[in-house]
Structures are given as C-alpha cells and as structure tokens.
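In the numbering used here, the protein residues as written are 341 to 686.
Below is one structure, written out as structure tokens; comments come after it.
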Ligand SMILES: *Cc1c(COP(=O)(O)O)cnc(C)c1O
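Printed below as a string of structure tokens:
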C-alpha cells in the first residue's frame with residue numbers, strides 16, 4: 341500500500357526527536373549524565389522509556405500481534421488525535437464517521453481543522469450504512485471512523501462488513517474497539533494483517549479497569565505504527581503508568597469482571613424493559629445500555645437527585661429520549677432498578 345498519498349507531506353519528512361539513549365545500548369552504561377535528570381533515586385527521577393519496550397512486548401504477547409504493529413499512548417484519545425495529525429492536511433483533507441458515535445472524533449477533527457462528515461446509522465437498529473459511508477467520501481477523505489461496539493448505541497458491527505469497508509475505501513479505516521472485550525463479535529485484530537489501511541484502537545480504560553492510568557493502544561501495519569511513534573511526544577506514557585500497567589497485566593485476569601458485567605447487562609436489560617418509564621432498551625455488546633424513555637430529562641434529573649449519575653444523550657441526533665447507563669456492580673444496578681421502578685416519585 342502506498343501510504344505516501346495519504347500521509348501529510350510534513351509528517352513524511354519529519355525527523356523524530358531522538359534522545360541520547362537511542363544511540364547507545366543501556367547495558368554498557370552505569371552512570372547517566374545525559375538527560376539533565378536528578379541523579380537522586382526517588383522512584384521517578386529518571387525519564388521513562390520513550391519506546392515502552394517492556395510494556396509493548398507484554399501487550400504483543402497478550403494480543404498476538406508483533407511489537408512493530410503496536411502503538412501505546414496516553415489513552416485512546418492520543419491515538420485518535422494522532423490519526424488526524426498524521427493523515428489529514430488541515431483545511432484540505434476530510435474524514436467520515438458514523439453518527440451518533442464517540443464525541444472525541446469530532447473534537448480531534450475540530451482541533452486539527454479537519455472537516456468531519458457524519459453519516460447517521462440506520463434508524464431503528466443502528467445498523468452500519470455501508471453504502472452511504474462510502475458515498476460520503478471523496479478524493480480528500482483520508483480517514484473513515486467506525487466505533488464497534490459503538491458508543492453510545494452499544495451495538496457491534498459484523499467483522500465481514502468492517503472488512504468490506506477496508507477493501508472498498510481508499511484511505512485509512514479506524515475501528516475503535518474500546519468495548520470489544522464485552523462483545524461476542526470478535527476483534528478486527530484477527531484480520532489486521534490482511535488490511536494495510538486498517539487501524540484498530542483498543543484501551544485499558546474499560547474492560548481492564550485502568551481508566552485512571554491512561555493507556556490506549558493502536559494496532560496497525562508497521563509503517564503506520566512507526567509514523568505514530570514518530571509524531572507522538574517522546575515521553576507520552578509516564579513511568580508509573582508503564583510499571584503499574586505491566587504489574588496489573590501480570591496479576592489481574594481480564595475474565596472475571598467482564599463476565600459479571602455482561603451477565604449484569606443482560607439482567608438489567610430484561611428488568612428495565614419491564615419498567616413503565618422505559619420505552620425501549622437497545623441490545624448492547626458493551627458495558628452500558630442505551631435506554632429510550634418518554635421523558636429523558638425528567639428521568640435524568642430524578643436519578644441524579646437520588647445520587648445516580650447517568651449520561652443524558654437526549655440531545656444527540658439519533659438518540660432522542662435516550663439515556664446511556666453504565667453497568668455497575670450488582671448492588672449499584674439493584675439501586676438503579678429500584679429507582680426506575682419508583683419513577684416519577686420515590
Ligand atoms: C471510553 C472510550 C475510549 C477510551 O478512551 P481512553 O482515552 O483510552 O480512556 C475510546 N473510544 C471510545 C468509543 C470510548 O467510549
């Protein structure tokens with residue numbers, strides 16, 4: 341694949357910031373006087389590894405991908421911004437995205453002065469409008485954004501459909517899989533090698549329970565991962581985060597909470613469908629439910645007045661009347677169900 345036609349010329353020409361430590365193997369050095377750090381060991385006095393080598397090796401093993409295909413950043417948000425910065429010339433190139441979807445695509449497009457063309461998901465079942473997405477593209481469309489499972493609608497799209505988009509679209513397809521661990525659909529990582537124009541985003545913020553550590557992942561062809569590494573801030577993932585994530589990946593299995601969240605999701609879904617204040621509960625492949633009600637603002641105020649914070653999506657095009665509810669612990673979910681059964685007055 342010829343990335344040169346898609347990448348901004350200034351990025352192609354970029355010489356990355358290099359540290360003295362890139363030129364020398366660590367083993368031969370015992371005294372570090374190259375980076376103007378404090379020499380007094382307090383656990384964080386040294387700059388972290390800008391290449392996150394140990395962490396990437398562990399993630400590569402965990403995900404069954406080569407290290408050369410992995411980018412790690414300060415949350416998925418960093419990877420989202422880098423996609424625009426690398427592939428879209430401000431004021432000239434554009435991107436296409438499904439709607440409703442994750443708000444960061446719009447924010448990152450706007451901060452990079454890139455037009456984002458939003459294509460509504462099919463009314464009723466939020467299916468992927470494959471043809472409309474492709475029709476929204478022109479010669480300057482360099483990115484196509486699909487979130488699957490999608491936030492806030494909760495549904496995942498068939499891998500075969502996403503693969504077809506990769507085959508038919510000339511630019512880069514970014515599939516945001518922040519919620520993939522809660523879904524039965526599988527991951528586009530399984531076909532990454534077949535699609536040089538595919539970028540898969542994942543995160544430790546949801547199923548892995550590490551939102552506070554800020555670690556996002558991108559998987560792509562080695563050429564693309566290396567562009568991302570060149571454009572990122574050198575020390576984009578701090579030392580304590582690299583160490584803490586490694587330690588937690590060793591010691592905490594992903595499975596237990598994911599299985600519980602999924603079973604709680606299904607319990608909530610059927611219980612909420614029986615609440616008179618709920619018109620419809622959309623099926624979900626994620627750790628949240630999108631719920632349509634007759635009076636979203638009223639229900640939102642009622643829940644927050646009783647100490648339960650949810651996300652009001654009523655004003656998002658395509659989500660009229662909808663609240664997005666994260667799946668909590670069984671006790672938290674019981675409390676939510678109790679409040680829903682009492683609405684409008686407790
Ligand atoms: C929560 C979420 C993320 C995660 O963002 P981080 O910056 O990694 O915490 C990414 N994409 C979507 C669609 C999300 O909902």
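Don't be surprised by glycine CBs; every beta carbon is placed ideally from N, CA and C.
Quick caveat, the model's predicted, so the values are computed rather than measured.
For the options 489, 679, 483, 686, the alpha carbon positioned closest to that of residue 467 is the one of 489. About 23 Å separates the CB atoms of residue 591 and residue 519; that is not less than 8 Å, and the two are not in contact.
Around residue 633, the same chain offers 617, 618, 619, 639, 661, 663 as residues with beta carbons nearer than 7 Å, after the five sequence neighbours per side are excluded. Using a C-beta cut-off of 8 Å, the stretch 375–383 makes no contact with the stretch 489–505, since fewer than three inter-stretch Cβ pairs fall below that distance. The set of residues whose C-beta lies within less than 5 Å of a heavy atom of ligand 1 reads, in chain order, 415, 416, 417, 442, 487, 491, 516, 518, 543, 545, 556. For residue 410, the number of other beta carbons within 10 angstroms of its own is at least 16, and it is reported as buried. By the beta-carbon neighbour count (other beta carbons within 10 angstroms, threshold 16), residue 605 is buried.
The beta carbons of residue 412 and residue 551 sit no closer together than 9 Å.
The stretch 558–574 makes contact with the stretch 347–357; the number of CB pairs closer than 8 Å reaches 3 or more.
Within 10 angstroms of the beta-carbon of residue 601 lie 16 or more other beta-carbons, which makes it buried.
Take the alpha-carbon of residue 476 and the one of residue 561: they are about 25 Å apart.
Comparing alpha carbon positions, the residue from 432, 487, 451 closest to residue 459 is 487. Membership of residue 539 in any alpha helix (DSSP H) is not indicated; the residue belongs instead to the beta strand (DSSP E) covering 538–543. Nearest neighbour of residue 539 by Cα position, chosen from 549, 478, 505, turns out to be 505. By DSSP's assignment, residue 508 forms no beta bridge with any residue.
Under the 10 Å beta carbon count, residue 673 is surrounded by 16 or more other beta carbons and is classified as buried. Leaving aside the five residues that flank residue 348 on each side, the residues in its chain whose CB is nearer than 6 Å to its CB run, in chain order, 429.
If you ignore the 5 residues before and after residue 609, its C-beta comes within less than 8 Å of the C-beta of 621, 623, 624, 629, all in its own chain and listed in chain order.
Residue 599 and residue 503 have their C-alpha atoms roughly 27 Å apart. Bounds of the alpha helix (DSSP H) holding residue 352 are 349–352. At the C-beta level, residue 677 and residue 615 come within 9 Å of one another. Only residues of its own chain outside the window of five on either side were considered, and among them 469 have a CB closer than 7 Å to the CB of residue 462, listed in chain order. In the structure shown, the three-state DSSP call for residue 482 is strand.
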